[in-house]
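Enquirer:
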Amino acid sequence: MSLQFVVDGLLTGSMIGLGAIGVTLTYSILRFSNFAHGDFMAWGTYATLAVVSAIGATFGKVAPIAPLSFGWPLIVALAIGMAFTALLALLLDKVLFSRLRSQGQAIIVVMASFGASMALRSLLEFTFTSRPTYFSRAIQIAMPVGFGIRITPDQIALLLLTAVLVLGVHLLMTRTQTGRSMQALSQNAALARIVGIDVASVVRVTWVIGGGLACVAGVMIGILVQIRPFMGFDMLLPMFAAAILGGIGSIPGAVLGGLIIGLAEASAVQLIGAEWRAAVSFIILMAVLFVRPIGLFGVRER
Amino acid sequence: MDLLGYGAFFLTTALIFSLVTLGLNLQWGLTGLFNVGLAGFVAIGAYTSALLTTPDDAARLGGFDLPILVGWLGAMVVGGIAAALTGMATLRLRSDYLAITTFGVAVVVQLVALNAQKLTGGPFGIGFIPRPFGGLAETPLLFNFSNLAVVSVVTLIAYLALEHLSRSPWGRVLKALREDERAAISLGKSARFYRVQTFAVGGAIMALAGALQAHFTGFIAPDNYLPILTFQVWVMLIVGGSGSNLGAVIGSILVWAIWAGSGTLTSILFPPEQQARAAALQIAAIGVMLCVILLIRPNGLLGDRPRRPWFGKRAKVATAKSISPS
Chain C
1 MSLQFVVDGL
11 LTGSMIGLGA
21 IGVTLTYSIL
31 RFSNFAHGDF
41 MAWGTYATLA
51 VVSAIGATFG
61 KVAPIAPLSF
71 GWPLIVALAI
81 GMAFTALLAL
91 LLDKVLFSRL
101 RSQGQAIIVV
111 MASFGASMAL
121 RSLLEFTFTS
131 RPTYFSRAIQ
141 IAMPVGFGIR
151 ITPDQIALLL
161 LTAVLVLGVH
171 LLMTRTQTGR
181 SMQALSQNAA
191 LARIVGIDVA
201 SVVRVTWVIG
211 GGLACVAGVM
221 IGILVQIRPF
231 MGFDMLLPMF
241 AAAILGGIGS
251 IPGAVLGGLI
261 IGLAEASAVQ
271 LIGAEWRAAV
281 SFIILMAVLF
291 VRPIGLFGVR
301 ER
Chain X
1 MDLLGYGAFF
11 LTTALIFSLV
21 TLGLNLQWGL
31 TGLFNVGLAG
41 FVAIGAYTSA
51 LLTTPDDAAR
61 LGGFDLPILV
71 GWLGAMVVGG
81 IAAALTGMAT
91 LRLRSDYLAI
101 TTFGVAVVVQ
111 LVALNAQKLT
121 GGPFGIGFIP
131 RPFGGLAETP
141 LLFNFSNLAV
151 VSVVTLIAYL
161 ALEHLSRSPW
171 GRVLKALRED
181 ERAAISLGKS
191 ARFYRVQTFA
201 VGGAIMALAG
211 ALQAHFTGFI
221 APDNYLPILT
231 FQVWVMLIVG
241 GSGSNLGAVI
251 GSILVWAIWA
261 GSGTLTSILF
271 PPEQQARAAA
281 LQIAAIGVML
291 CVILLIRPNG
301 LLGDRPRRPW
311 FGKRAKVATA
321 KSISPS
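For the protein sequence lines, the chains are C and X, in the order given. 1 is the number of the first residue of the first sequence in the working numbering; add one for each residue after it. 1 is the number of the first residue of the second sequence in the working numbering; add one for each residue after it.
Following this line, the structure appears as structure tokens:
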């Protein structure tokens, strides 16, 4: 078996991991599993695509940056798309989740997120139809890097971007006051309130980080695979599995979980066949639930 | 005459949906177990019964040509076992884990239905499933009404059995667990054991509904069991009011009427090439409707009792409250 699966696995794992950060933060701070998170990905990607075509219409054709398949328009569009997805998450929280949270029935919020996920996805299907689209149809030549592994410049750039983002979020969570407030709230909400942590602002930061990273993960899928209304929904199970494998609330755990699942999926594709890929996350999820339900870096519930 | 036949056909489908909703009501309405993969359990029932009752087929496993009743019983057994296993894996953990796991079950069942050609016929599905009154197919009206009669009888039996169950000592334990878990446990009732039982019975009812549907249409394919099915049934239960069996049945008929009606409307109003988009809009509208009902009337049309679902740990109620912006 060729070692190519390592690169494929790391790439899939980055997408899953970036998405899983949002899932794990929502779960640990807002205490519900958000089934609409995958659809944040898809909305972010379509928003980015819309901005890219808007820029293309205004400035004409822009040449891509040297070895990459995309130019500055995509980078600008990604920033706008991230902001858009963060706003979408905040809006959905304002009109739906926060009101249900105030009724104190956590599982109702999960169900509402399920309904919101259906509505969001179907709206995308209505607007853009279910036909797949692409950021670029150009084919990149993969460079051999030894050990039988080939990698394209796009893939290297996206892996680097993931590393930078993950490091950034990790530093934010561990080194800043905001991050410490988030951790406090996830560990003991009542106590966090007593010491005067601004809960509303922590909730906002949670949605902004989750939404922004979901958009990046979606755009990665868009660049490397394709853009479809179902692209996010299909990532939901791997993201949940990664968040639980890493331990709910742990950012490094979510990313590591994502990478493990990505590598497992890629090797399953080589060994068993691509059609069984989606079962990998389920098997890993079940194994974690049976063997170590708190995950790799999880803390036992108080 | 046509209208009468369509009415019978409509009611048959709606009653099969109510059977699924009754199963979900047992799991969610009575016990607070969150199942977002019910399409998977419906599919398990449909495929089990199809495998047991179809004539021998060289292209795949079985076709055992057994009587239809055996198929239905088999569907309930397999569906119940699948649900029990899911419950055993997750019910000792936080309630969200059950949601995520059932979601995974649906994904995996869909995958098996699509890819395990030897077992499920793959994307082409299974045909030639015997129908209870296949001999009457010459006269559609009679055929439709005999189907309706069978489905009505099965739904009625399930309804009465569930009503009886919820009043029986077993049902009282479930209510006690829902209302005050600690008190029930202190009386020596194992919360996990009762929940696994409920989840298994609910799964068996869903599987039976899947089997009924398979024998009613005579053909099944993986496309019948997409997440949209789960979503439809949830809307039916929430509209009807979770916790009430009667509400589950009425909600199913009502929502199916809205669904089928708006489907007919879009097919009249929109040109063929826009049909797929119109259907997407229809789903979006129903999704919004679900959220609105949860916001303004979380107990549905008939569910008026105050309900406290299971949280795994009571402390979370307090934390969930304290997080909400005041």
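All C-beta atoms, glycine included, are put in the ideal place defined by N, C-alpha and C.
Against chain X, which members of the region 247-280 of chain C pass a CB distance test of less than 7 Å?
Expert: Glu275, Trp276, Ala278 and Ala279
Enquirer: Name the two residues that bound the continuous alpha helix (DSSP H) containing Lys189/X.
Expert: If you number the second sequence from 1, residue 189/X lands on position 189. No alpha helix (DSSP H) contains Lys189/X, which DSSP labels as neither H nor E.
Enquirer: Can you name the start and end residues of the alpha helix (DSSP H) that Phe270/X belongs to?
Expert: As a working mapping, residue 270/X is identified with position 270 in the second sequence. Careful: Phe270/X lies outside any alpha helix (DSSP H) and carries neither H nor E.
Enquirer: On a Cα-Cα basis, can you pick out the residue from Tyr46/C, Ala189/C, Val51/C and Gly257/C that is closest to Phe126/C?
Expert: By one-based count along the first sequence, residue 126/C stands at place 126. Of the candidates Tyr46/C, Ala189/C, Val51/C and Gly257/C, the one whose C-alpha sits nearest the C-alpha of Phe126/C is Tyr46/C.
Enquirer: Keeping to the same chain, check which residues put their C-beta closer than 8 Å to that of Leu78/C; ignore five residues upstream and five downstream.
Expert: For the purposes of this step, residue 78/C is taken as residue 78 along the first sequence, with counting starting at 1. Thr48, Cys215, Val216 and Val219, listed in sequence order.
Enquirer: Nearest to Gly9/C by alpha carbon, out of Gly258/C, Ile294/C, Ile284/C and Arg292/C?
Expert: Translated into positions along the first sequence, residue 9/C becomes position 9. Closest option to Gly9/C, Cα to Cα, is Gly258/C.
Enquirer: I need the DSSP call for Thr45/C, collapsed to helix, strand or coil.
Expert: If you number the first sequence from 1, residue 45/C lands on position 45. Of the three classes helix, strand and coil, the one that applies to Thr45/C here is helix, per DSSP.
Enquirer: Can you tell me which of Gly80/X, Trp28/X, Gly62/X and Phe9/X puts its alpha carbon nearest to the alpha carbon of Ile205/X?
Expert: In the second sequence, the residue the question calls residue 205/X occupies position 205. That would be Gly80/X, whose Cα lies nearest to the Cα of Ile205/X.
Enquirer: Candidates Arg228/C, Val6/C and Arg204/C: which alpha carbon is nearest Gly146/C's?
Expert: Numbered from its first residue, the first sequence carries residue 146/C at position 146. In terms of CA proximity to Gly146/C, Val6/C leads the group Arg228/C, Val6/C and Arg204/C.
Enquirer: By the DSSP assignment, the alpha helix (DSSP H) with Leu91/X in it spans what residues?
Expert: The residue you call residue 91/X lines up with position 91 of the second sequence. In the DSSP assignment, Leu91/X falls outside any alpha helix (DSSP H) and carries neither an H nor an E.
Enquirer: Hey, is Gly261/X close to the ligand SAH, as in C-beta under 6 Å from one of its heavy atoms?
Expert: Of ligands this structure carries none, so the ligand SAH is not represented either.
Enquirer: Taking only beta-carbon positions, decide if Phe270/X is within less than 7 Å of chain C.
Expert: Position 270 of the second sequence, counted from the first residue, corresponds to residue 270/X. For Phe270/X, the answer is no, since every Cβ of chain C falls outside 7 Å of its Cβ.
Enquirer: Output needed for Trp207/C: all residues of its chain with C-beta closer than 7 Å, excluding positions within five of it in sequence on either side, in chain order.
Expert: As a working mapping, residue 207/C is identified with position 207 in the first sequence. Closer than 7 Å at the Cβ level, and outside the excluded window around Trp207/C, lie Ala86, Ala89, Leu90 and Asp93.
Enquirer: Kindly indicate if chain C contains any beta-carbon less than 7 Å away from that of Val108/X.
Expert: Locating residue 108/X in the second sequence gives position 108, where the first residue counts as 1. True, the Cβ-Cβ gap to chain C drops below 7 Å.
Enquirer: Checking contacts by CB at 7 Å: is Phe230/C closer than that to chain B?
Expert: No chain B is present in this structure, whose protein chains are C and X.
Enquirer: Just checking my contact of Leu294/X with Ala112/C at CB under 8 Å: how many whole Å lie between their CB atoms?
Expert: Position 294 of the second sequence, counting from 1, holds the residue named residue 294/X. Position 112 of the first sequence, counting from 1, holds the residue named residue 112/C. Yes, they are in contact, since the Cβ atoms of Leu294/X and Ala112/C sit about 5 Å apart, within 8 Å.
Enquirer: Within the 7 Å Cβ cut-off, does Val42/X reach chain C?
Expert: Working through the second sequence from its first residue, we reach residue 42/X at position 42. Cβ-Cβ to chain C under 7 Å: no for Val42/X.
Enquirer: What's the C-alpha gap between Val23/C and Gln232/X?
Expert: Locating residue 23/C in the first sequence gives position 23, counting from the first residue. Locating residue 232/X in the second sequence gives position 232, counting from the first residue. Approximately 25 Å between the Cα atoms of the pair.
Enquirer: Are the Cβ atoms of Val20/X and Thr48/X separated by less than 7 Å?
Expert: Counting from one through the second sequence, the residue named residue 20/X turns up at place 20. Counting from one through the second sequence, the residue named residue 48/X turns up at place 48. By the CB criterion at 7 Å, Val20/X and Thr48/X fall outside the cutoff.
Enquirer: May I ask you to list the residues that DSSP assigns as paired with Met143/C?
Expert: Taking the first residue of the first sequence as position 1, residue 143/C is located at position 143. When DSSP reads this structure, Met143/C sits in a beta bridge with Ile151/C.
Enquirer: Going along chain C, which residues have a C-beta under 7 Å from Tyr97/X?
Expert: Counted from its first residue, the second sequence places residue 97/X at position 97. Within chain C, Leu289 have C-beta atoms less than 7 Å from the C-beta of Tyr97/X, given in sequence order.
Enquirer: Can you pull the chain C residues whose beta carbon is under 9 Å from the beta carbon of Trp234/X, in chain order?
Expert: Looking up residue 234/X in the second sequence gives position 234. Near Trp234/X (Cβ distances below 9 Å), the residues of chain C are Met111, Phe114 and Gly115.
Enquirer: On the three-state DSSP scale, how would you describe Ile44/X?
Expert: If you number the second sequence from 1, residue 44/X lands on position 44. Correct three-state label for Ile44/X: helix.
Enquirer: Report yes if the C-beta distance between Ile68/X and Pro123/X is below 7 Å; otherwise report no.
Expert: Numbered from 1 along the second sequence, position 68 holds the residue referred to as residue 68/X. Numbered from 1 along the second sequence, position 123 holds the residue referred to as residue 123/X. Contact: no.
Enquirer: Would you mind working out which of Trp256/X, Ala280/X and Val255/X sits nearest Thr266/X, comparing C-alpha positions?
Expert: Here the question's residue 266/X lines up with position 266 in the second sequence. Cα-wise, what sits closest to Thr266/X is Ala280/X.
Enquirer: For Arg92/X, I'd like the list of residues in its chain whose CB is within less than 7 Å of its CB, leaving aside the five on either flank, ordered along the chain.
Expert: Sequence index remark: in the second sequence, residue 92/X carries index 92 (1-based). Once the five neighbours on either side are set aside, the close Cβ partners of Arg92/X are Arg192.
Enquirer: Note down, in chain order, all residues in the region 79-90 of chain X with a beta-carbon under 9 Å from any beta-carbon belonging to chain C.
Expert: Ala89 and Thr90
Enquirer: Let's see if you can read the secondary structure: which residues bound the alpha helix (DSSP H) around Ala192/C?
Expert: Numbered from its first residue, the first sequence carries residue 192/C at position 192. Ala189 to Ile194 is the extent of the alpha helix (DSSP H) around Ala192/C.
Enquirer: Hey, is Leu331/X's beta-carbon within less than 7 Å of any beta-carbon in chain C?
Expert: The structure shown has nothing for residue 331/X, since chain X only spans 1 to 326.
Enquirer: Counting only Cβ pairs nearer than 8 Å, list the residues of chain C close to Thr266/X.
Expert: On the second sequence, position 266 is the one that residue 266/X refers to. Neighbours of Thr266/X on chain C: none; closest Cβ ~11 Å, over 8 Å.
Enquirer: Taking the alpha-carbon positions, what's the Leu269/X to Ile21/C distance?
Expert: Indexing the second sequence from 1 puts residue 269/X at position 269. Indexing the first sequence from 1 puts residue 21/C at position 21. If I take the Cα positions, the gap works out to 43 Å.
Enquirer: Taking 7 Å as the CB-CB cut-off, is Leu38/X touching chain C?
Expert: Indexing the second sequence from 1 puts residue 38/X at position 38. No, Leu38/X lies away from the interface with chain C (no Cβ there is under 7 Å from its Cβ).
Enquirer: Chain C beta carbons: is any one of them nearer than 7 Å to that of Arg131/X?
Expert: Counting from one through the second sequence, the residue named residue 131/X turns up at place 131. No - not a single Cβ of chain C is within 7 Å of the one on Arg131/X.
Enquirer: Exposed or buried, Leu162/X, counting other C-beta atoms within 10 Å across all chains shown (16 or more means buried)?
Expert: Position 162 of the second sequence, counted from the start, is the residue given in the question as residue 162/X. Buried: at least 16 other Cβ atoms inside 10 Å.
Enquirer: For Tyr225/X, count the other beta carbons within 10 Å of its own beta carbon; 16 or more makes it buried, fewer makes it exposed. Which is it?
Expert: The count along the second sequence starts at 1 and reaches residue 225/X at position 225. It is buried - the Cβ of Tyr225/X has at least 16 other Cβ atoms within 10 Å.
Enquirer: Between which two residues does the alpha helix (DSSP H) containing Asp2/X stretch?
Expert: Translated into positions along the second sequence, residue 2/X becomes position 2. Taken as a continuous stretch (DSSP letters only), the alpha helix (DSSP H) holding Asp2/X covers Asp2 to Leu24.
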